[in-house]
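Some notes on the structure that comes next.
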Amino acid sequence: MVVLEVEFSNSSLAKNVLHKFFMEVECELIMKYFRMAMYFLYMAIFRHTPEPYRPYSFFLPKVRVFLVRNFLTECGDGLVVGSNADISYDIKIGSNSGIGTRSVIQRKVTIGSGVMMGPDVKIYSTTHGHSKLDEFMYLQPITIVPTSIGNDVWIGANSIILPGKKIGNHVIIGAGSVVTKDIPDWAIVGGNPARVIRFRKEVI
C-alpha cells in the first residue's frame, strides 16, 4: 500500500508539473501570436494614420499607440508614436517617451524614460560585415549590436545614431547629427560626426 501511495503521489505530481508546463507554453504561444498580430496591423495599416493635431485624425493616434504598446518587448506608460514610424517589435522603451514621425528604430534598441524625438530620426543596431576583402559586403554576415538611449534625452530631427552606441542620461543631440561614438551624461552634441559642444551643467 505504501508503494502504491508513493507511486500515485509521484504520478499526480508529474501530472501537475506537466499541466503547468503546457499551460505556460500555451500562454507564451498565445502572446507571441498576439504580438505578431499587433505588429502586422500597425505596419500594414495604422502606421500610416495622421498625427493627432490633424482635424481628421479622430481616434487613430490612440489606436497606433495601443498597437505599438502591445508588440514591443517592454513599454512604459505615456508612449507617443508619430505617424509613419518604422518600429521593430524587439525594442524596450520607458515611460513618457516619444517615437518621432517617420523615424526608424531597429531591433535590440533600448530607449529610456522621458525621451523626446524629432521627426526622421534613425536609430540603428544592425551592420554589415566588411572584413573579407575578396567577398562582396552584401554577402557578409549581418551583425546586431544593441543600441541604448538613456533617460531624459532630446534627439533632434534627422539625427542618426549608429549601431552599438550608448547615449547617456540628460543628453541633447542637435538636429542632423550623426552619432558615431558613445555620448556621456549631460552632454550637448551636434554635427557630423557628432561632437560634444558643451555640458548642460556648465555655467555659461
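The numbering of the sequence shown is the working numbering, which starts it at 37 and goes up by one.
Where a beta carbon is used, it is the ideal one built from N, C-alpha and C, also for glycine.
Rounded C-beta distance between residue i and residue j? I'm assuming under 8 Å.
i	j	result
K201	W222	In fact, because the Cβ distance is near 17 Å, the residues do not count as touching under 8 Å.
T162	I180	5 Å
G118	P91	Going by Cβ atoms, the distance from G118 to P91 rounds to 17 Å, so no, they are not a contact pair.
L108	I127	6 Å
M152	S139	In fact, because the Cβ distance is near 12 Å, the residues do not count as touching under 8 Å.
According to DSSP, is residue i part of a helix, a strand, or is it coil?
i	result
K202	strand
V225	strand
F235	strand
A230	coil
P178	A quick correction: the sequence has Ile, not Pro, at residue 178. Of the three classes helix, strand and coil, the one that applies to I178 here is strand, per DSSP.
V104	helix
I66	helix
E87	coil
V61	helix
V99	helix
Ignore the nearest five residues each way along the sequence and tell me which others in residue i's own chain have a CB closer than 8 Å to its CB.
i	result
G112	I129, G130, S131, N132, S133 and S149
T216	L198, K201, P229 and A230
R143	S124, Y125, D126, I127, S161, T162 and I180
K241	Only positions 37 to 240 of the chain appear in this structure, which leaves residue 241 out of reach.
I178	T162, T163, H164 and G165
Which residues in the same chain have their Cβ closer than 7 Å to the Cβ of residue i, if we skip the five residues on either side of it in sequence?
i	result
P88	P97
I233	I224, V225 and G226
I123	V104, I135 and I141
For residue i, I'd like the list of residues in its chain whose CB is within less than 6 Å of its CB, leaving aside the five on either flank, ordered along the chain.
i	result
K56	none
M74	L103, N106 and F107
F36	It is not possible to answer for residue 36, since the shown part of the chain is limited to 37 through 240.
S195	V157, I209 and S213
P220	G204
Candidates the options: which alpha carbon is nearest residue i's?
i	options	result
A193	P177, N187 and G210	G210
V145	T183, I203 and V116	T183
I159	F76, A121, D170 and M173	A121
Cβ of residue i less than 7 Å from any chain C Cβ?
i	result
R236	Within the model displayed, chain C is absent; a lone protein chain is all it includes.
*Jot down the residue ranges of each uninterrupted beta strand (DSSP E) in the region 115 to 176, minimum 3 residues, whole runs only, in chain order.*
The region 115 to 176 contains these whole beta strand (DSSP E) runs: 127 to 129, 145 to 147 and 162 to 164.
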